[in-house]
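Reading through the structure tokens given below for one structure.
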Amino acid sequence: MIYLDIYNITTILILNYFEGIFESNVYEVCDIMIEIRFHGRGGQGAVTAGELMVNAANYEGKWAQSFPFFGGERRGAPVRAFLRIDEDRIWLHQQIYEPDCCVVLDQGLVISIPWADGLKPDGSAILNWSGSIDDLVLPDNLEKVGLVDAISVSKMAFGERAFPITNTTMLGALSKTTGIVKLDSILKSIKEKWTGNIAESNIKAVEEAFKQTQVYRL
3 MIYLDIYNIT TILILNYFEG IFESNVYEVC DIMIEIRFHG RGGQGAVTAG ELMVNAANYE
63 GKWAQSFPFF GGERRGAPVR AFLRIDEDRI WLHQQIYEPD CCVVLDQGLV ISIPWADGLK
123 PDGSAILNWS GSIDDLVLPD NLEKVGLVDA ISVSKMAFGE RAFPITNTTM LGALSKTTGI
183 VKLDSILKSI KEKWTGNIAE SNIKAVEEAF KQTQVYRL
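The sequence shown begins at 3 in my numbering and counts up one residue at a time.
This is how it looks when you write it as structure tokens:
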């Protein structure tokens, strides 16, 4: 009986000790973690964009995770995907409600959904927008915004399509605006995922978007 008591007490102490370490790591990581929320439409490749960014971050020795929000979406309906990047292992596995950065792949969504909900103070945004920044109503807590006409870049890289490809285009804009990952790392990620003409077109889209993106500090 004494042996069992000692065993139980020891087990509780060990569990409490490791629980304390785990919680400490979570809060420490959250202080420096970068959280990005993608807004797009079904079929635009928001999920693929997140996956490419995970690989790009890994090439730079960083930890990353990406996952979509699955619902009853149909092609063309608004969808979300989430991306976390950190220098240390990421323990959190949940949706991102207070992002550091929002990426909007579809120009129509820029003015039709509350994409900035929960955006952290001094946050950043990368928007598919062909107009002037003066035409936008931006949140007060936005510190930096990158604007790129992703449709025109898509046409240049992929040709005329009924449903323009903007996901990789927006990654070029994301890299230029935030520097979260290097352009070369994104290009390497693309070359690993695709080959031939598909890879070449996506590389062209990323590079051109990087050049064309206009970055504004607010």
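Note that CB positions come from ideal geometry on N, CA and C, so glycine has one too.
Closer than 7 Å to chain B by CB, residue i
i          : result
valine 150 : Checking the listed chains, one finds no chain B in this structure; it contains a single protein chain.
Check whether residue i and residue j have beta carbons under 7 Å apart
i             : j              : result
alanine 66    : isoleucine 87  : yes
threonine 168 : alanine 152    : yes
alanine 201   : isoleucine 188 : no
glycine 44    : alanine 79     : yes
cysteine 104  : tryptophan 117 : yes
alanine 159   : alanine 207    : yes
alanine 48    : valine 183     : no
Cutoff 8 Å; reference residue i; Cβ partners in own chain excluding five residues on either side
i             : result
valine 222    : There is simply no residue 222 to check, as the chain begins at 3 and stops at 220 in what is shown.
glutamate 209 : Gly174, Leu185 and Leu189
Other residues of its chain near residue i: CB distance less than 6 Å, five sequence neighbours each side excluded
i             : result
aspartate 102 : Ile36, Glu37, Lys122 and Gly125
valine 56     : Ala66 and Ser68
valine 31     : Its pLDDT being 34, under 50, valine 31 is placed unreliably by the model, and the measurement read from it follows with that caveat. Same-chain partners within the cutoff: Asp88 and Asp90.
Inter-residue CB distance, residue i and residue j (contact presumed, cutoff 8 Å)
i            : j           : result
leucine 85   : lysine 146  : The Cβ separation is near 17 Å, so there is no contact.
threonine 50 : glycine 148 : Not confirmed; about 20 Å, so no contact.
lysine 190   : tyrosine 99 : That belief does not hold up - the Cβ atoms of lysine 190 and tyrosine 99 are roughly 31 Å apart, past 8 Å.
Residue i (DSSP reduced to helix, strand or coil)
i              : result
tyrosine 61    : helix
isoleucine 205 : helix
alanine 83     : strand
glycine 42     : strand
alanine 51     : helix
Residues near residue i in its chain [Cβ-Cβ closer than 7 Å; skip 5 each side]
i              : result
lysine 195     : Leu54
isoleucine 205 : Leu189 and Ile192
Identify every run of the alpha helix (DSSP H) within the region 123-165, keeping only runs that are complete inside it and at least 4 residues long; order them along the chain. 152-160
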